[in-house]
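First up is the structure itself, then whatever we jot down about it.
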Amino acid sequence: MKMLGLAAAILTLFLLVGCGADAADNSEGGAEEKVTQLVKESIGNQYGPEAAETVKVHFISVQEGATAGRMFLDGNTDFTVEDEGMKKSWDYTKSFQFELQHNGTDWTVRNKMFFDEEREER
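Taken in order, the sequence shown gives residues -23 to -1, 1 to 99; the numbers are from mature numbering (1 follows the signal peptide of the UniProt record, and there is no 0).
Have a look at this one:
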């Protein structure tokens, strides 16, 4: 019984330390996660939730800025849009650029651009 209590205490401590919103979020990985979320939301808002489920994000470059907590991310995304009325599917590719600033707890968008959208019928 004591071993079970000790295991539970260690697991709780591990979860508290591992789930903090500091080191992992204020990193390249945290910035990529935030951009992925924003890209999926943008595609979902434009083309609907079905298209958002097909989004794949590809990062071309991720660079730290001259000031602390700033990240520049370039990449592209591809997704599929189904048109049930016309019984057609299109594969889209869209490029993006994001400039993020970490405010101590989360990434905020300083600048974002989407461009070079290409559509190909499947």
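Glycine residues also receive a C-beta, built at the ideal position from the N, C-alpha and C atoms.
- Threonine 85 and valine 39 have their alpha carbons spaced roughly 16 Å apart.
- Counting only the Cα atoms, methionine 48 lies some 30 Å from valine 58.
- DSSP places threonine 82 in no alpha helix (DSSP H); its state is neither H nor E.
- With contacts defined by Cβ atoms closer than 8 Å, lysine 64 and glutamate 98 do not form a contacting pair.
- In terms of Cβ geometry, valine 16 and phenylalanine 73 form a close pair [threshold 8 Å].
- Assignment of glycine 42 by DSSP, reduced to helix, strand and coil, places it in the coil class.
- Annotation: lysine 89 to glutamate 76 spans about 6 Å, alpha carbon to alpha carbon.
- Pairing tyrosine 69 with glutamate 30 gives a Cβ-Cβ distance that is not under 8 Å.
- About 10 Å separates the beta carbons of histidine 79 and glycine 42, which is beyond the 8 Å limit, so they are not a contact pair.
- Looking at the DSSP output, lysine 71 sits in a beta bridge with Thr54.
- Nearest to glutamate 61 by C-alpha distance, out of Tyr24, Ile37, Asp51, Asp83, is Tyr24.
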